[in-house]
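Q:
2 protein chains.
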Amino acid sequence: MLSIGEFSRATALTVKTLRHYHERKLLVPTAVDPSSGYRYYDEAAIERARVIKALRELEFSLDEIAEILRECDDDADALEFLARRRKAIAERLAHLRSIASALDTVIRTETEAKTMHDQEFAIEDKTIAPALVAGIRTRGRFDQSRDAFKRLGRAFGFGLAGPAGILIYDDEYKDQDADFEPYFPIKRAKKTDPDIHVRELSGGRALCLVHRGPYDTISKTYGRLLSEIRAQKLAPLLPSREVYIKGPGMLFAGNPAKYLTEVQIFVGPTDA
Amino acid sequence: MLSIGEFSRATALTVKTLRHYHERKLLVPTAVDPSSGYRYYDEAAIERARVIKALRELEFSLDEIAEILRECDDDADALEFLARRRKAIAERLAHLRSIASALDTVIRTETEAKTMHDQEFAIEDKTIAPALVAGIRTRGRFDQSRDAFKRLGRAFGFGLAGPAGILIYDDEYKDQDADFEPYFPIKRAKKTDPDIHVRELSGGRALCLVHRGPYDTISKTYGRLLSEIRAQKLAPLLPSREVYIKGPGMLFAGNPAKYLTEVQIFVGPTDA
DNA sequence: GCTTGACCCTCCCCTTGGGGGAGGCCTCAA
DNA sequence: TTGAGGCCTCCCCCAAGGGGAGGGTCAAGC
Numbered sequence: 143m144l145s146i147g148e149f150s151r152a153t154a155l156t157v158k159t160l161r162h163y164h165e166r167k168l169l170v171p172t173a174v175d176p177s178s179g180y181r182y183y184d185e186a187a188i189e190r191a192r193v194i195k196a197l198r199e200l201e202f203s204l205d206e207i208a209e210i211l212r213e214c215d216d217d218a219d220a221l222e223f224l225a226r227r228r229k230a231i232a233e234r235l236a237h238l239r240s241i242a243s244a245l246d247t248v249i250r251t252e253t254e255a256k257t258m259h260d261q262e263f264a265i266e267d268k269t270i271a272p273a274l275v276a277g278i279r280t281r282g283r284f285d286q287s288r289d290a291f292k293r294l295g296r297a298f299g300f301g302l303a304g305p306a307g308i309l310i311y312d313d314e315y316k317d318q319d320a321d322f323e324p325y326f327p328i329k330r331a332k333k334t335d336p337d338i339h340v341r342e343l344s345g346g347r348a349l350c351l352v353h354r355g356p357y358d359t360i361s362k363t364y365g366r367l368l369s370e371i372r373a374q375k376l377a378p379l380l381p382s383r384e385v386y387i388k389g390p391g392m393l394f395a396g397n398p399a400k401y402l403t404e405v406q407i408f409v410g411p412t413d414a
Numbered sequence: 143m144l145s146i147g148e149f150s151r152a153t154a155l156t157v158k159t160l161r162h163y164h165e166r167k168l169l170v171p172t173a174v175d176p177s178s179g180y181r182y183y184d185e186a187a188i189e190r191a192r193v194i195k196a197l198r199e200l201e202f203s204l205d206e207i208a209e210i211l212r213e214c215d216d217d218a219d220a221l222e223f224l225a226r227r228r229k230a231i232a233e234r235l236a237h238l239r240s241i242a243s244a245l246d247t248v249i250r251t252e253t254e255a256k257t258m259h260d261q262e263f264a265i266e267d268k269t270i271a272p273a274l275v276a277g278i279r280t281r282g283r284f285d286q287s288r289d290a291f292k293r294l295g296r297a298f299g300f301g302l303a304g305p306a307g308i309l310i311y312d313d314e315y316k317d318q319d320a321d322f323e324p325y326f327p328i329k330r331a332k333k334t335d336p337d338i339h340v341r342e343l344s345g346g347r348a349l350c351l352v353h354r355g356p357y358d359t360i361s362k363t364y365g366r367l368l369s370e371i372r373a374q375k376l377a378p379l380l381p382s383r384e385v386y387i388k389g390p391g392m393l394f395a396g397n398p399a400k401y402l403t404e405v406q407i408f409v410g411p412t413d414a
């Protein structure tokens, strides 16, 4: 018979844990000295302790372990418990993966934005690649886009492939009753809400300029792009895009003076 | 100003939670009526509550959230915290995956063993496919294989591809000083312990018979296989294999009378 | 036989993120 | 003014033990 200290060394369970298991009636000592209260354990207790440890490593709760020990003599008897545990772990894994994905997205966007922080921006003539996106066409004021982004975030579990943006379908700036579409680039198509429009956004040639500062001064940036387009004798196409390099974050609104928004106006040859 | 109940509805945080956050100084009400103790919250508190909720969804602890709120005004400021959290989640994911893998292995083996539970077994002439295995060559008594399996389990995190077995290098039964190799079929090779020998085990033709019952009666099964091999004028090759379809489980030792072990003796043409 | 040091006992408080409920005060509308 | 619902503080509860106080026990050495 082993004293609790010896048994603790034999099983690699702490004395505290053993006393706790005794109290929970999970692992009762083989004998308890009635006068001193000293606990003594035998070989069978070592085997039971081994099973309990194995089940703890599978992260069963002590209650579940007690139930398994009551009902099972063989691994095959425990199949239901094991399958249930397996399912719970699969759910936990899925949840953690969605958190990881959200973290990755915000880490990536903020890191990229950081490198552009102190840059000077000029008009660039770019070829934009096609991209799979999910968007919600909206009519009204631009501050409604927050809700749209929230809905997209929930629907796609933050499984984003890049910075979010807005498609602008109006050919002049509108404050009220604007026609626009907040969108997320996504990795895989997925059916969700009927309001959410998932499709491949076509690419093409666009003149782009990064706007620094709050959104209410963005018309200046549009103005510069449109004069350049006229100067190059090109025609602006709709919808134009605003890509949020750095805007209100997932957590904090941040400082609007530091917001960075790339305005992309797609262009084609003039009709003339 | 909102009362705590109104604020609770506005933020989807329970009243209990809000009082708890107040106590933890995480989200202090904008005003507290000194005579009644009633809490009142303003718009800024709603924004702060939104941030706290977002951080809770990323499963930050309240202490971490308090720290983030103290130090950050922008998502970019929180990058270190986010990266740390991301790392912790990656570790947790890896751990859960190893548990899931262990559960899968035991569920698969026990389920397969169940289907063979009531079967009658006869000698079968099989072609065994090659398999990637990790084994520990051992000299001594067969009950030492428990430790070997434990070591293999730890080294490969239960990432098993099928039932474990033992290779037998002796051409006669030895109780003491036997020469054998407990092995696990594995999915991917991996360098570990120098004692652990990882390689592709070659396949081939083998006569196989499932032995039912404890290991100490397994020599009868060997006898039946060897007489059949002699009758067919074949030569037995070494090492032979014992594949544990159902034996002492990951949790319970179970009932030895129900153990199932497939003995596989590889054969070639006789020299004569 | 006695001492000493290691070992063991019980009891209580602590951790996380709140939930449940008791007992009592406050507010607002009828 | 009264009643209902809202709000307050205080206390206990969950899981799985950890930390420590205060005190009894055991075995070995003298």
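Chains as they are written, first to last, in the numbering used here: chain L, 143 to 414; chain U, 143 to 414. For glycine and all other residues, C-beta sits at the position ideal for the given N, C-alpha and C. It should be emphasised that the depicted structure is a prediction, and the values quoted were computed from it without experimental measurement.
(1) In angstroms with no decimal places, state the Cα-to-Cα distance between Ser177/L and Leu155/L.
(2) Out of Gly410/L, Phe202/L, Leu379/L, Pro411/L, which has the shortest C-alpha to C-alpha gap to Ile310/L?
(3) Check whether the region 213-228 of chain U and the region 266-276 of chain U touch, using three or more Cβ-Cβ pairs below 8 angstroms as the test.
(4) Which residues of chain L have a Cβ atom closer than 9 angstroms to the Cβ of Leu221/U, listed in chain order?
(5) Do we get a CB-CB distance below 8 angstroms when we pair Arg239/L with the residues of chain U?
(6) Against chain L, which members of the region 394-413 of chain U pass a CB distance test of less than 9 angstroms?
(7) So which residues on chain U does Val193/L lean against when the C-beta distance must stay under 7 angstroms?
(8) Against chain U, with Cβ distances strictly below 8 angstroms, would Ala196/L count as a contact?
(9) Indicate whether at least one CB of chain U lies closer than 8 angstroms to the CB of Ala152/L.
(10) Give every residue of the same chain whose Cβ lies closer than 7 angstroms to the Cβ of Ala255/U, excluding the five residues on either side of it in the sequence, and list them in chain order.
(11) Could you spell out where the beta strand (DSSP E) holding His353/L opens and where it closes?
(12) Could you check whether the region 169-185 of chain U touches the region 146-160 of chain U, counting it as contact only if at least three pairs of C-beta atoms, one from each stretch, sit closer than 8 angstroms?
(13) Could you check which residue in Ala191/L, Val170/L, Lys167/L, Pro171/L has the C-alpha nearest to that of His152/L?
(14) Who are the near neighbours of Lys333/U in its chain, counting only those whose CB is closer than 8 angstroms to its CB and skipping five residues on each side?
(15) Residues of chain U with CB under 7 angstroms from Ala297/L, in chain order?
(16) Determine which residues share a DSSP beta bridge with Lys333/L and list them.
(17) Note down, in chain order, each residue of its chain lying with its Cβ closer than 8 angstroms to the Cβ of Thr359/U, except the 5 sequence neighbours on either side.
(18) Beta-carbon within less than 7 angstroms of Gly396/L's beta-carbon, same chain only, minus the 5 sequence neighbours each way: which residues are those?
(19) Chain L partners of Asp217/U, CB-CB under 7 angstroms?
(20) I'd like the ranges of any beta strand (DSSP E) spanning at least 3 consecutive residues and lying wholly in the region 270-346 of chain U.
(21) Tell me, which residues are paired with Leu402/U by DSSP?
(22) By the criterion of Cβ-Cβ separation under 8 angstroms, what are the contact partners of Leu200/L in chain U?
(23) Less than 8 angstroms between the beta carbons of Val409/L and Leu376/L, yes or no?
(24) On the DSSP bridge assignment, give the partners of Ser178/L in chain order.
(25) Look at the alpha carbon of Arg166/L and the alpha carbon of Glu189/L, and state the distance between them as a whole number of angstroms.
(26) What did DSSP end up calling Lys268/L once you bin it into helix, strand or coil?
(27) For Arg166/U, which of helix, strand or coil comes out of DSSP?
(28) Between Leu351/L and Arg234/U, is the Cβ-Cβ spacing less than 8 angstroms?
(29) Ala232/L touches chain U at which residues, Cβ-Cβ below 8 angstroms?
(30) What does DSSP give as the partner residues of Ile407/L in its beta bridges?
(31) Compare the C-beta of Cys214/U against all C-beta atoms of chain L and say whether one is closer than 8 angstroms.
(32) Among the candidates Gln406/U, Gly282/U, Glu314/U, whose CA atom is the shortest distance from the CA of Glu384/U?
(33) Could you tell me whether the Cβ atoms of Leu197/U and Leu197/L are closer together than 8 angstroms?
(34) Output, in chain order, the set of chain L residues within a Cβ distance shorter than 9 angstroms of Leu235/U.
(35) Taking buried to mean at least 16 other C-beta atoms within 10 Å of its own C-beta, is Tyr325/U buried or exposed?
(36) What's the C-alpha gap between Gly345/U and Arg330/L?
A: Concretely, from the data shown:
(1) Taking the straight line joining both Cα atoms gives about 25 angstroms.
(2) Among Gly410/L, Phe202/L, Leu379/L, Pro411/L, the Cα nearest to that of Ile310/L is on Leu379/L.
(3) Under the 8 angstroms Cβ criterion, the region 213-228 of chain U does not count as touching the region 266-276 of chain U, having fewer than three qualifying pairs.
(4) Going along chain L in sequence order, the residues near Leu221/U (Cβ under 9 angstroms) are Val248, Ile249, Glu252, Thr253, Lys256.
(5) Yes - at least one Cβ of chain U is within 8 angstroms of the one on Arg239/L.
(6) Flagged, chain order: Phe394, Ala395, Gly396, Asn397, Lys400.
(7) Those within 7 angstroms of Val193/L in chain U are Leu393, Phe394.
(8) It does: the Cβ of Ala196/L has a partner Cβ on chain U nearer than 8 angstroms.
(9) No, Ala152/L does not count as interfacial toward chain U.
(10) Cβ-Cβ distances below 7 angstroms link Ala255/U to Ile387, Lys388, Leu402 in the same chain, with the five nearest sequence neighbours on each side left out; the list follows chain order.
(11) 346-354 is the extent of the beta strand (DSSP E) around His353/L.
(12) Yes: the two stretches touch, three or more of their Cβ pairs being nearer than 8 angstroms.
(13) What sits at residue 152/L in the sequence shown is Ala, not His. The shortest Cα separation from Ala152/L among Ala191/L, Val170/L, Lys167/L, Pro171/L belongs to Ala191/L.
(14) If we look at Lys333/U and ignore the five residues flanking it on each side, its Cβ neighbours are Val340.
(15) Within 7 angstroms Cβ-Cβ: nothing; Ala297/L doesn't reach chain U, min ~15 angstroms.
(16) Answer is none; Lys333/L lacks a bridge partner.
(17) Apart from sequence neighbours up to five positions away, the residues of its chain that approach Thr359/U with a beta-carbon distance below 8 angstroms are His353, ordered along the chain.
(18) Here the set comprises Pro390.
(19) By Cβ distance, chain L contributes Val248, Glu252, Gly391, Met392, Leu393, Phe394, Gly396.
(20) Within the region 270-346 of chain U, the complete beta strand (DSSP E) runs of at least 3 residues are 273-277, 280-282, 307-310, 320-327, 339-343.
(21) By DSSP's assignment, Leu402/U forms a beta bridge with Arg354/U, Lys388/U.
(22) Per Cβ cutoff of 8 angstroms: Ile241, Ala244, Leu245.
(23) It is a contact, given that the beta carbons lie within the stated cut-off.
(24) In DSSP, Ser178/L forms no bridge with anything.
(25) Their backbone Cα atoms lie some 18 angstroms apart in a straight line.
(26) DSSP places Lys268/L in strand when its eight states are reduced to three.
(27) In this structure, DSSP gives Arg166/U a state outside helix and strand, which the three-state scheme calls coil.
(28) With respect to the 8 angstroms criterion, Leu351/L and Arg234/U are not classified as neighbours on the basis of their beta carbons.
(29) For a Cβ distance threshold of 8 angstroms, residue set Ala242 of chain U lies close to Ala232/L, ordered along the chain.
(30) According to DSSP, Ile407/L bridges with Leu349/L.
(31) Flagged as an interface residue toward chain L: Cys214/U, by a C-beta distance shorter than 8 angstroms.
(32) If we check each option's Cα against that of Glu384/U, Gln406/U comes out closest.
(33) Note that the C-beta distance between Leu197/U and Leu197/L is not below 8 angstroms.
(34) By Cβ distance, chain L contributes Leu235, Leu238, Arg239, Ala242.
(35) So Tyr325/U ends up on the buried side.
(36) Rounded to whole angstroms, Gly345/U to Arg330/L spans 42 angstroms at the Cα level.
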